[in-house]
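In the numbering used here, the protein residues as written are 15 to 394.
Backbone N, C-alpha and C define an ideal beta-carbon position, used for all residues, glycine too.
Keep in mind that this is a model prediction, so the values were computed, not measured.
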Ligand SMILES: *Cc1c(COP(=O)(O)O)cnc(C)c1O
């Protein structure tokens, strides 16, 4: 009972200074560029910002080509479509991922074949990739979750040996590197998302990158209804409308000006979390020594046996928002198969993992408040 008044005032405090799990940082340059689109009436999918955004993303990711699309999901779908994925084919994908990595395989009629992730960095386990290859396997989708990067040299070696294509899902890893090379510079294609909570945002937006001349052309034409660039309303292939608007790209161009500042601040926030939580019974996602993470979302496993729902609700009461990590795709109704193998590592991470607020405008004091709230909730 004595706790009641103090909890009420804590709640009032929480309402005043609620810390969301993410919040994009939008500056005056974004407004200036968007106004430029409106003032010049270049508001649709042709315009200088689309071209600029594409060439800047290509440069950052060491890619020859970048093709802007409506979001990160259609980026994946377009990649599979243009790489010729068909019904009956199989694609290897981690079960522990955001569902778009899996749905976009199923959307082509192909079958997602799930693999286990590693206990250390929660990413696709190359040994299990080898074990799941069949004569029908056409490709692999390594997903660089939360900014960590998959073991790309090993994965590319497997792909080469078995003549598989690789689409890197880089939705969470713009700015991440492995062995000094950017995430997205290894596979035949890589896809990016610029949703509101991603490292940089265009509201909704996405990109496909590649070094392959023919594939780049196929991606570019297919995203625009497959229209022949020299013959109006003549279509020589099945296409989509997956075009990004110049307005969205304008926001992206403005965001890219601050990309390195955003990455630096997110690295500081992650380092502070590690420091302030170092004595706690939690397990961080471990980043491999040759990887620099974009630190998209700071993620950890709660203590074994802890009630995640209660911890998250307790934190929310005190004004700190958190997220559970993704559910394993193999447990979802449309992918559930009672004869499928189990994935103990993925299931453990999925059951115990949470994301902490990780947006670049967080102050050190806010990070400290998140930690204090988490520690109190764990030891309650
Ligand atoms: C965000 C995300 C996507 C999808 O991107 P959208 O732009 O939201 O469609 C795909 N894969 C992963 C791993 C993501 O985090």
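Starting from residue i, follow the beta strand (DSSP E) in both directions and report where the run begins and ends.
i: residue 380; result: Element bounds for residue 380: not the beta strand (DSSP E) but the alpha helix (DSSP H), 378-393.
i: residue 71; result: Counting along the chain, residue 71 falls outside any beta strand (DSSP E), though it belongs to the alpha helix (DSSP H) covering 62-74.
i: residue 79; result: 79-83
Short of 8 Å in beta carbon distance, which residues of its chain neighbour residue i, apart from the five on each side in sequence? Order them along the chain.
i: residue 241; result: 235, 247, 248, 249, 253
i: residue 271; result: 43
i: residue 168; result: 140
In chain order, what residues of the same chain lie with their CB nearer than 6 Å to the CB of residue i, ignoring the 5 residues before and after it?
i: residue 127; result: 104, 106, 146
i: residue 211; result: 36
i: residue 224; result: 79, 203, 230
i: residue 312; result: 284, 287, 370, 372
i: residue 180; result: 154, 173, 201, 202
i: residue 207; result: 86, 185, 220
Considering just the uninterrupted stretch of the alpha helix (DSSP H) at residue i, what are its terminal residues?
i: residue 254; result: Neither: residue 254 is in no alpha helix (DSSP H) and is coded neither H nor E.
i: residue 92; result: 86-96
i: residue 366; result: 358-366
Excluding the 5 residues flanking residue i on each side, which residues of the same chain have their C-beta closer than 7 Å to its C-beta?
i: residue 259; result: 57, 58, 59
i: residue 378; result: 286
i: residue 114; result: 86, 87, 90
If you run the structure through DSSP and keep just helix, strand and coil, what is residue i?
i: residue 50; result: helix
i: residue 207; result: strand
i: residue 264; result: helix
i: residue 353; result: coil
i: residue 269; result: helix
i: residue 278; result: helix
i: residue 34; result: coil
i: residue 43; result: helix
i: residue 227; result: helix
i: residue 196; result: strand
i: residue 218; result: coil
i: residue 185; result: coil
i: residue 213; result: coil
i: residue 191; result: strand
i: residue 57; result: coil
Tell me whether residue i, by its Cβ, gets closer than 8 Å to a heavy atom of ligand 2.
i: residue 317; result: Ligands present in the displayed structure are limited to ligand 1, and ligand 2 is not among them.
Alpha helix (DSSP H) runs wholly inside the stretch 99-178, at least 4 long, in chain order: Runs of the alpha helix (DSSP H) lying entirely within the stretch 99-178 and spanning at least 4 residues, in chain order: 114-120, 140-146, 166-176.
Please enumerate, following chain order, all residues with a beta carbon closer than 6 Å to at least one heavy atom belonging to ligand 1. Spelled out in chain order, the answer is 85, 86, 87, 111, 112, 114, 115, 157, 183, 185, 186, 207, 209, 220.
Alpha helix (DSSP H) runs wholly inside the stretch 281-342, at least 4 long, in chain order: 322-331
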